[in-house]
């Protein structure tokens with residue numbers, strides 16, 4: 472069951488993210504630049520920029536890198552003009568996949584994404600074919616054994632949208648996307664530190680992947696995530712690795 476493997480999936484994904492830290496600075500700099508370009512260079516007035524800066528600080532990005540990325544976004548420094556684009560499709564066992572990109576060459580990017588889908592058993596679809604299966608939200612997950620009642624009270628008091636307890640005892644707190652940082656800080660002040668947290672496109676329903684399909688799906692996701700223009704890859708897939 473998807474709920475049974477939730478915690479294992481989160482830990483597995485966290486480990487994979489840690490292993491790919493070399494790509495993180497590049498992607499964060501792109502996100503800061505685009506956020507500043509679209510909403511201005513003041514994080515107090517630009518929630519997307521504030522979130523990007525907080526993520527950069529969490530990854531120990533130097534202050535100069537952050538400031539220069541903002542300046543490129545606001546036009547104070549020369550820089551690449553990135554275009555935001557999203558591609559959608561299907562992976563192994565029909566699992567939905569959504570790929571968010573920042574690119575200076577849309578033709579190159581769509582060719583790379585289509586090639587990754589086709590090479591590893593997926594199928595790139597049309598705009599909107601799977602996006603309805605995801606919700607833009609903040610997402611925090613707490614380890615099994617966390618005091619459910621106390622966490623729920625603190626989360627709802629802080630403005631969370633929902634608190635969900637999984638079959639394995641892990642607890643998810645769902646937040647409005649641009650209230651994520653405030654709610655995370657409020658929960659930490661109340662003594663609750665999440666094992667993992669992010670603003671994401673969260674699957675509304677999950678597609679369990681089992682057996683040999685696990686490795687096939689992981690190869691497809693890895694191929695997409697390794698592309699230079701790709702910022703984030705979202706999927707409804709839940710890997711059963713037991």
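Numbering (this note's numbering), first residue to last: 472 to 713. Just so it is clear, CB atoms sit at the ideal spot from N, CA and C, and this is done for glycine as well.
| Query | Result |
| --- | --- |
| What's the gap between the Cα of residue 528 and the Cα of residue 668? | 14 Å |
| Measuring only the C-alpha atoms, how far is residue 611 from residue 651? | 9 Å |
| Below 8 Å, how does it come out for the region 668-687 and the region 699-711: are there three or more Cβ pairs, yes or no? | yes |
| For the alpha helix (DSSP H) that contains residue 652, what are its first and last residues? | 651-660 |
| Per DSSP, residue 609 forms a beta bridge with which residues? | 646, 670 |
| Please confirm if the region 549-557 is in contact with the region 681-697, defined as three or more CB-CB distances below 8 Å between the two stretches. | no |
| Going by the CB atoms, is the gap between residue 544 and residue 495 shorter than 8 Å? | no |
| If we count the other Cβ atoms within 10 Å of its Cβ and call it buried at 16 or more, is residue 603 buried or exposed? | exposed |
| For residue 673 versus residue 605, is the C-beta distance shorter than 8 Å? | yes |
| Starting from residue 554, follow its DSSP beta bridges and name the residues at the other end. | 574 |
| Give the range of the beta strand (DSSP E) segment to which residue 708 is assigned. | 708-710 |
| In this structure, does DSSP put residue 640 in helix, strand or coil? | coil |
| Once DSSP output is grouped into helix, strand and coil, what is the label at residue 675? | coil |
| With a CB to CB cut of under 7 Å and the five nearest residues on each side skipped, what residues in its chain are close to residue 526? | 499 |
| Can you give the Cα-Cα distance for residue 701 and residue 599, rounded to whole angstroms? | 18 Å |
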